[in-house]
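Here's the structure we're looking at; comments come further down.
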Amino acid sequence: MKQVEHIGIAVRSLQQANPLYERMLGLKAYKTEEVASEGVITAFYQVGETKIELLEATRPDSPIAKFIDSRGEGIHHIAYGVDDILAEMDRLRKEGFRLLNEQPKPGADNKLVCFVHPKDAGGVLVELCQEQPA
Ligand SMILES: CC[C@@H](C(=O)O)C(=O)SCCNC(=O)CCNC(=O)[C@H](O)C(C)(C)COP(=O)(O)OP(=O)(O)OC[C@H]1O[C@@H](n2cnc3c(N)ncnc32)[C@H](O)[C@@H]1OP(=O)(O)O
Ligand SMILES: [Co+2]
């Protein structure tokens with residue numbers, strides 16, 4: 001894994017969270033994108049070498065809705081950038097980590113992603129992400 005690509009933060013409402021993050025970071029979101037397959041709408045902030053990904057649920061069965069119901073708003077996952085997601089998935093599988101998707105799937109911001117179960121990763125949901133060729 002080469003860097004922390006982004007930190008995912010669950011929010012109830014982007015409309016309410018964006019002004020807070022803009023004031024706090026002194027930055028505007030560079031992108032807003034819906035990922036229907038995950039039931040989320042995202043806003044991305046570039047902070048130095050990494051990004052903050054705000055996530056609002058778009059439906060009640062979204063992982064973000066479930067997370068907010070049980071834990072409230074806050075850090076939801078850490079995403080690590082990788083060069084070869086299939087190789088990294090294979091390595092983690094062999095190390096005994098449960099992957100939450102067996103094949104890489106499309107994420108936001110032109111990435112392929114895979115999640116690792118938080119119960120195998122010290123209580124933190126981990127996302128692997130690989131840049132997709134444009
Ligand atoms: C925008 C696309 C993409 C990107 O490109 O960046 C994204 O970031 S999408 C982000 C949203 N998508 C996902 O989170 C997909 C992966 N997540 C899942 O598959 C599930 O959410 C989960 C992690 C398997 C949990 O689902 P489930 O088992 O149904 O939920 P429970 O509420 O029953 O939780 C079981 C257990 O796990 C703990 N938990 C749940 N979520 C997290 C979390 N984010 N971080 C740490 N721990 C988490 C939860 O508290 C339960 O623990 P116990 O209470 O001790 O049993
Ligand atoms: Co993410």
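To convert, note that position 63 of the sequence shown is 63 in full-length UniProt numbering; the numbers rise steadily by one, no gaps. Glycine residues also receive a C-beta, built at the ideal position from the N, C-alpha and C atoms.
If you draw a straight line from the alpha carbon of residue i to that of residue j, how long is it in whole angstroms?
i: A121; j: K94; result: 14 Å
i: S62; j: Q130; result: 23 Å
i: F115; j: Q3; result: 16 Å
i: A87; j: I7; result: 22 Å
i: E102; j: R71; result: 27 Å
i: H77; j: E53; result: 10 Å
i: L99; j: V82; result: 15 Å
i: P60; j: V47; result: 30 Å
Just to check my reading of the structure: residue i and residue j have Cβ atoms closer than 8 Å, yes? What is that Cβ distance to the nearest angstrom?
i: L14; j: Y45; result: So it is not a contact: roughly 12 Å between Cβ atoms.
Opposite residue i in the DSSP bridges: which residues?
i: T50; result: V47
Under 6 Å Cβ to Cβ from residue i, same chain only, skipping five residues before and after it: list those, please.
i: P31; result: This sequence places Lys at residue 31; Pro is not what is there. Here the set comprises F44.
i: V35; result: A108
i: E33; result: T42 and A108
I'd like the span of the alpha helix (DSSP H) that includes residue i, first residue to last.
i: L14; result: L14 to L25
i: F67; result: P63 to R71
i: A87; result: I85 to K94
Under 7 Å Cβ to Cβ from residue i, same chain only, skipping five residues before and after it: list those, please.
i: K111; result: C129, Q130, E131 and Q132
Considering just the uninterrupted stretch of the beta strand (DSSP E) at residue i, what are its terminal residues?
i: H77; result: G74 to G81
i: H6; result: Q3 to A10
i: K111; result: K111 to V116
i: E33; result: K31 to V35
Ordered along the chain, which non-local residues of its own chain (more than five positions away) have a Cβ less than 8 Å from that of residue i?
i: Y80; result: M1, K2, Q3, V4, E5, V126, E127, L128 and C129
i: M89; result: L99, P104, C114 and L128
Residue list, Cβ distance to ligand 4 heavy atoms smaller than 6 Å: This structure lacks ligand 4; its bound ligands are ligand 1 and ligand 2.
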